[in-house]
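For reference, each letter of the first sequence is one residue, going 1 to 603 in my numbering.
Beta carbons: idealized from backbone N, C-alpha and C, even for Gly.
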Amino acid sequence: MRADRRRPTPALRPTQARRPRPIPRPPRARPRLILRRTPEMTNDAIRSALEAVLEDMGAPTGTITLEQPRDPTHGDVATNVALTLAKPLSRAPRQIAEEIAEKFDLAAAGVDAVEVAGPGFLNFRLASGSVVSALDDILEADTTWGRSEGGKGQAVMVEFVSANPTGPLHVGHGRQAALGDGVAALLDWTGWKVHREYYYNDAGRQIDQLALSVRARYRQALGVDEAVPDDGYRGEYVKDVANALVAEVADRYVEDNSDEALDAIRTHAVKMLREEQDRDLNDFRVSFDEYFLESSLYSGGRVDGTIQDLKNTGLVYEHDGATWLKTSQFGDQKDRVMVRSNGQPTYFLPDVAYHMTKWERGFERVINVQGADHHGTVDRVRAGLQALGLPSGYPEYVLHQMVRVVQDNEQVKFSKRTGSGMTLRELYEQVGVDVARYFFQMRKPDAHLLFDLDIALDQSDKNPMYKVQYAHARMCSIFRKGEMELEDVEAGSAELSMLSHELELELVKRLVEFASVIERAARGSSPHVVCDYLERTAGAANSWYHAGNPSRNPELAVLTGDPALRRARLALARAVQIVLRNGLTLLGIDAPTRMVREDDQEN
RNA sequence: GCGCCUGUAGCUCAGCUGGAUAGAGCAUCGGCCUUCUAAGCCGAAUGUCGUAGGUUCGAGUCCUACCAGGCGCGCCA
1 MRADRRRPTP ALRPTQARRP RPIPRPPRAR PRLILRRTPE MTNDAIRSAL EAVLEDMGAP
61 TGTITLEQPR DPTHGDVATN VALTLAKPLS RAPRQIAEEI AEKFDLAAAG VDAVEVAGPG
121 FLNFRLASGS VVSALDDILE ADTTWGRSEG GKGQAVMVEF VSANPTGPLH VGHGRQAALG
181 DGVAALLDWT GWKVHREYYY NDAGRQIDQL ALSVRARYRQ ALGVDEAVPD DGYRGEYVKD
241 VANALVAEVA DRYVEDNSDE ALDAIRTHAV KMLREEQDRD LNDFRVSFDE YFLESSLYSG
301 GRVDGTIQDL KNTGLVYEHD GATWLKTSQF GDQKDRVMVR SNGQPTYFLP DVAYHMTKWE
361 RGFERVINVQ GADHHGTVDR VRAGLQALGL PSGYPEYVLH QMVRVVQDNE QVKFSKRTGS
421 GMTLRELYEQ VGVDVARYFF QMRKPDAHLL FDLDIALDQS DKNPMYKVQY AHARMCSIFR
481 KGEMELEDVE AGSAELSMLS HELELELVKR LVEFASVIER AARGSSPHVV CDYLERTAGA
541 ANSWYHAGNP SRNPELAVLT GDPALRRARL ALARAVQIVL RNGLTLLGID APTRMVREDD
601 QEN
């Protein structure tokens, strides 16, 4: 059955291209009538063969799980059914496994061998060529390899960053920007229709503090002695905003303490700082489909409408002059105030109003990416939404821990511009956007992130981001060396079963896993899973590449003498390149075809 | 005091739905090397999975208690 994939040795045909083509290729594969064998199909075949045996033995068939063993000596596919059946059949697991192995139909499952191992595992070794044939699928899929359709095109909103426009973005926002963008990309790659949203809190008390701080600096700039409020903003950037205001309006507001004047200052400050944030994010390759302004909730009447709606639920009461909502009925630790005794709504209210708009805009699934310091608001917001009839788990949250930037074993805290922590821009202008994005995504959100500048600045393979980029560039360099283009290697152009070296087979197995890795990462909103995969795959690719170094094992080189073997290895190199590139693309990182070190440029 | 997160090799961290002998990178040690251009390659050593119980064929993974660290517990945002 494997034989039908073989193609006759191609007849040589004249080189036809403008470019030299050192490697004669077979004619483009005929329309492929042969069903391609995906890993899922292989598993299905094994599964149904197992079900047949279990039925024969009178055992339940519902619980078969197949997995890929870590240890390659445990075969290509393994199952623990015999272990799980020990109890229902009240027999020793190994004995059950022996019987299954004996009755198993190897040919029907496309398996070369099955053996019993350990406490009763069944290990299957796939027919040779079955694994390696997946390379054609990778070449065929190219930029879409790794994509899947589980999301069925449904709409999902990812809200992230949502920083107050009161100052420059810092490294914590950077983690959130990269993480949120990664989560959004994972959803996109698994078939969701993703909407990226940024919520600007442009209406709160903090904005008032900003306006007062800017006004003080503005007056100072014009020689008037006015102190910045105690709880105001003190970073250097406030002076920049004030100086820009001087340039724009000269001394118009020096003695004007009216609300109108303060409004104008506030508007000026918010506009300028928002523009700076947008610039910082844009240069960090993060962009949004929609910017939602908190102020629009008030001006559009949504906040008042939400109070009314909540009152209509009968879950609202007055106490000590304030208006409360019985959020404790929905799992919150205590009831919350919606409207203070002074008539001002608390932050809780616009928050609920905002999330109602998400639902009403058609997003039945929403993921909020936030710093873990906000976890206290999760139950509260959900409770408010439940009171209005939304489902209990709405919205979902990805909460991430803080970032520490470390250099020479010491924490970097200083930023001239903000007077406190390092800004996002300061970070990525130092280490590069690719490294910053990778480092922010390579740890699971739950864990504190230690951003080690020494490693980030290292441009060797010690830096995981460069390790992946180097592996990608190495694959590309093979093609340059062979005077070919990447596109010259097409699906069906090689006799893939010639790939038989352990390093090659290990690599192929990894490449095949790619889509399931992305699905798992998407399921857990965990871009770090992709980083981990890319790093390991790059490691395997680098080992393979280095093994073929002419000074070591020239017979393992991709550009080896045997044309057929060379074609097969080029297909593998191309497939590696595709997977690494797609993975980096998902993470929002470049996949250069060649690497230039800064040191090289200096020379 | 209550709630959430974290605790895995010297360091930074993976560990999928509970599976086989707990894995990477850095650092350390040993040996190669100048390339299918890439400060490189190959190999070795390293563990009380915070502690103590429990669940079961099987626990780093699930449950309970405790210890340590971070964060949150306003009519602040």
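Using a Cβ distance threshold of 8 angstroms, determine whether the segment 319 to 329 contacts the segment 225 to 238, with at least three qualifying pairs required.
no
Would E327 and L388 qualify as a contact pair, given that the criterion is a beta-carbon distance under 8 angstroms?
For the purposes of this step, residue 327 is identified with residue 327 of the first sequence, where counting begins at 1. For the purposes of this step, residue 388 is identified with residue 388 of the first sequence, where counting begins at 1. It is Thr, not Glu, that sits at residue 327 in the sequence shown. It is not a contact, given that the beta carbons lie outside the stated cut-off.
May I ask which residues mark the beginning and end of the alpha helix (DSSP H) holding G583?
Sequence index remark: in the first sequence, residue 583 carries index 583 (1-based). Taken as a continuous stretch (DSSP letters only), the alpha helix (DSSP H) holding G583 covers 563 to 586.
How far does the alpha helix (DSSP H) with H195 in it reach, from first residue to last?
Residue mapping note: residue 195 aligns to position 195 of the first sequence, counting from 1. Not the alpha helix (DSSP H): H195 falls in the beta strand (DSSP E), residues 193 to 200.
Give the DSSP-derived three-state secondary structure of G371 in the structure shown.
Taking the first sequence and counting its residues from 1, one reaches residue 371 at position 371. Strand at G371.
Going by the CB atoms, is the gap between K103 and D44 shorter than 8 angstroms?
Counted from its first residue, the first sequence places residue 44 at position 44. Counted from its first residue, the first sequence places residue 103 at position 103. Not in contact: D44 and K103 (Cβ atoms no closer than 8 angstroms).
Taking all protein chains shown into account, do 16 or more other C-beta atoms lie within 10 angstroms of the C-beta of G172, making it buried, or fewer, making it exposed?
Locating residue 172 in the first sequence gives position 172, where the first residue counts as 1. Buried is the call here.
Can you find the residues in the same chain that come closer than 6 angstroms, C-beta to C-beta, to T144, ignoring five residues on each side of it along the sequence?
Here residue 144 refers to the residue found at position 144 of the first sequence. No residues qualify anywhere along the chain.
Helix, strand or coil: how does DSSP classify D208 here?
For the purposes of this step, residue 208 is identified with residue 208 of the first sequence, where counting begins at 1. Here D208 carries a helix assignment [DSSP, helix/strand/coil].
Count the other CB atoms, across all protein chains shown, that sit within 10 Å of the CB of I23; report buried if there are 16 or more and exposed otherwise.
Counting from 1 along the first sequence, the entry for residue 23 is found at position 23. Here I23 scores only 35 on pLDDT, less than 50, and its place in the model should not be relied on; the value that follows carries that caveat. By the 10 Å Cβ count, I23 comes out buried.
Assuming contact is defined by CB atoms lying nearer than 8 angstroms, are A221 and A250 in contact in what I supplied?
Taking the first sequence and counting its residues from 1, the one referred to as residue 221 is at position 221. Taking the first sequence and counting its residues from 1, the one referred to as residue 250 is at position 250. In this structure, A250 does not lie closer than 8 angstroms to A221 by Cβ.
Hey, would you say Y438 sits closer than 8 angstroms to P464, going by beta carbons?
In the first sequence, residue 438 corresponds to position 438, counting from 1. In the first sequence, residue 464 corresponds to position 464, counting from 1. Their beta carbons are under 8 angstroms apart, which means Y438 touches P464 by this criterion.
With 16 other Cβ atoms within 10 Å as the buried cut-off, status of F414
Position 414 of the first sequence, counted from the start, is the residue given in the question as residue 414. Exposed: under 16 other Cβ atoms inside 10 Å.
In this structure, does DSSP put E149 in helix, strand or coil?
Translated into positions along the first sequence, residue 149 becomes position 149. The answer is coil: DSSP assigns E149 none of H, G, I, E or B.
How would you call L273, buried or exposed, if buried means at least 16 neighbouring beta carbons within 10 angstroms?
Residue 273 sits at position 273 when you count from the first residue of the first sequence. So L273 ends up on the buried side.
Assign D590 to one of three DSSP states: helix, strand, or coil.
What you label residue 590 is simply residue 590 of the first sequence in a count that begins at 1. Coil at D590, not helix or strand.
Could you round the C-beta distance between A127 and D112 to whole angstroms and report it? I think they count as a contact, below 8 angstroms.
Here the question's residue 127 lines up with position 127 in the first sequence. Here the question's residue 112 lines up with position 112 in the first sequence. Right, their Cβ atoms sit about 5 angstroms apart.
Straight-line Cα distance separating G182 from S130:
Locating residue 130 in the first sequence gives position 130, where the first residue counts as 1. Locating residue 182 in the first sequence gives position 182, where the first residue counts as 1. If you take the alpha carbons of S130 and G182, they lie about 33 angstroms apart.
CA-to-CA distance, P168 to Q329, given in whole angstroms:
The residue you call residue 329 lines up with position 329 of the first sequence. The residue you call residue 168 lines up with position 168 of the first sequence. Going from the Cα of Q329 to the Cα of P168 covers about 39 angstroms.
Quick one: residues in its chain with C-beta nearer than 8 angstroms to the C-beta of H74, no 5 flanking neighbours on either side, listed in chain order?
Looking up residue 74 in the first sequence gives position 74. So the list reads A117, F121, N123, once near-sequence residues are dropped.
Whole-angstrom C-beta distance between A571 and V489, which should lie under 8 angstroms:
In the first sequence, counting from the first residue as 1, residue 489 sits at position 489. In the first sequence, counting from the first residue as 1, residue 571 sits at position 571. Right, their Cβ atoms sit about 6 angstroms apart.
State the Cα-Cα distance for the pair E535 and F451, rounded to the nearest angstrom.
Taking the first sequence and counting its residues from 1, the one referred to as residue 535 is at position 535. Taking the first sequence and counting its residues from 1, the one referred to as residue 451 is at position 451. Rounded to whole angstroms, E535 and F451 show a C-alpha spacing of 17 angstroms.
How about A473 and P391: do their beta carbons lie closer than 8 angstroms?
As a working mapping, residue 473 is identified with position 473 in the first sequence. As a working mapping, residue 391 is identified with position 391 in the first sequence. No, they are not a contact pair.
Which runs of the beta strand (DSSP E), 3 residues or longer, sit entirely within the segment 379 to 449?
396 to 400, 403 to 407
Nonlocal neighbours in the same chain, by C-beta distance under 7 angstroms from M595, ignoring five residues either side
Taking the first residue of the first sequence as position 1, residue 595 is located at position 595. Excluding sequence neighbours, M595 sits near Q469, Y470, A473.
Taking the C-alpha atoms as reference points, what is the distance between P27 and L496?
Here residue 27 corresponds to residue number 27 of the first sequence, with the count starting at 1. Here residue 496 corresponds to residue number 496 of the first sequence, with the count starting at 1. Note on P27: pLDDT 34, under 50, position unreliable in the model; the coordinate value appears next. So the two alpha carbons sit approximately 16 angstroms from each other.
Residues in the same chain with beta-carbon distance under 8 angstroms from A540, minus the five sequence neighbours each way, listed in chain order, please.
Numbered from its first residue, the first sequence carries residue 540 at position 540. So the qualifying residues of the chain are L503, E506, L507, R510.
Nearest to L424 by CA position, among V579, R404, L89, is which residue?
The residue labelled residue 424 in the question sits at position 424 within the first sequence. Looking at the Cα atoms, R404 is the closest of the given residues.
Who are M157's beta bridge partners in DSSP?
Counting from one through the first sequence, the residue named residue 157 turns up at place 157. H195, V366.
Going straight from the alpha carbon of G362 to that of A184, what length do you get?
Along the first sequence, one-based indexing puts residue 362 at 362. Along the first sequence, one-based indexing puts residue 184 at 184. Distance between the alpha carbons of G362 and A184: 17 angstroms.
To which residues of the same chain is G482 closer than 6 angstroms at the C-beta, ignoring the five residues directly before and after it?
Reading the first sequence from its first residue, position 482 is the one you call residue 482. Correct list, in chain order: L559.
Return the bridge partner residues of A113 from the DSSP annotation.
Numbered from its first residue, the first sequence carries residue 113 at position 113. R125, per the DSSP bridge assignment.
Using the Cβ count rule (16 or more neighbours within 10 Å means buried), how would you classify T166?
Looking up residue 166 in the first sequence gives position 166. Label assigned to T166: buried.
M442 and H528 look like a contact to me (Cβ under 8 angstroms); what is the Cβ gap, rounded to whole Å?
Within the first sequence, the letter at position 442 stands for residue 442. Within the first sequence, the letter at position 528 stands for residue 528. With a Cβ gap of about 5 angstroms, M442 and H528 count as contacting.
Using beta-carbon positions only, say whether L187 and Y218 come within less than 8 angstroms of one another.
The count along the first sequence starts at 1 and reaches residue 187 at position 187. The count along the first sequence starts at 1 and reaches residue 218 at position 218. Cβ atoms of L187 and Y218: not closer than 8 angstroms.
Taking only the alpha-carbon atoms, compute the straight-line gap between D379 and D332 and give it to the nearest angstrom.
In the first sequence, residue 379 corresponds to position 379, counting from 1. In the first sequence, residue 332 corresponds to position 332, counting from 1. One C-alpha to the other measures close to 5 angstroms.
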